[in-house]
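Just so you know, this note's numbering puts the end of the sequence shown at 181, numbered straight through with nothing missing.
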Amino acid sequence: MSAICGKWELCSSENFEEYMKAIGVSPENIDKAKKSLESNSKLVHEINGSGNSWSIKTTTNAGEKEIKFNLGEEFSTATLDGRPVKVTFSVDGDQLVEIQKGDGFETKNVRSVSGNELTAIMTGNGVQCTRKYKKI
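Put into structure tokens, the structure is as follows:
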């Protein structure tokens, strides 16, 4: 899993707006997200992990958010638009799997690395989004 650690800049995103609608993001927050979370926004994830202790720091043109977690342990946090969620991370082979459960939605985010590219496949309420990142 060491390949997933590092800094990753978003370079493409498919079906993100439809995914956000499916998981209940408000139209106002979708408009905000399009400015700070799309591929031209310089969004960067910094992923660090050692054993069961991990962190993901997300930096956008709107600010920063960092979550720290232990694999297999559910914790409470908030989505980037402020909705409360329960989150559990696990490792499945060479994939980092994130399950988010909130009011009226559940999403599964699977991150995997091939070379210098990280792919995140996000599936929520039956809608799938694919986001690709390059290592920086």
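Glycine included, C-beta positions come from ideal geometry on N, C-alpha and C.
Check: Use the C-beta contact count for A67: other C-beta atoms within 10 angstroms, 16 or more gives buried, fewer gives exposed.; Outcome: buried
Check: Nearest to T133 by alpha carbon, out of N154, F150, D139 and G149?; Outcome: N154
Check: Looking only at its own chain, which residues have a Cβ that is under 7 Å from the Cβ of K110, when we skip the five neighbours before and after it?; Outcome: T103 and L125
Check: Drop a sphere of 10 angstroms on the beta-carbon of A78, count the other beta-carbons inside from all chains shown, and report buried for 16 or more, exposed for fewer.; Outcome: buried
Check: Beta carbon of V89, beta carbon of K113: below 8 Å?; Outcome: no
Check: Does the beta-carbon of S58 have 16 or more other beta-carbons within 10 angstroms, so that it is buried, or is it exposed?; Outcome: buried
Check: Note down the Cα distance separating K179 from E162, rounded to an integer number of angstroms.; Outcome: 5 Å
Check: Using 8 Å as the threshold, is the C-beta distance between K177 and T164 below it?; Outcome: yes
Check: Below 7 Å CB to CB, which residues in the same chain sit around L116 once its five sequence neighbours on both sides are set aside?; Outcome: N97, W99, F134, S135 and V136
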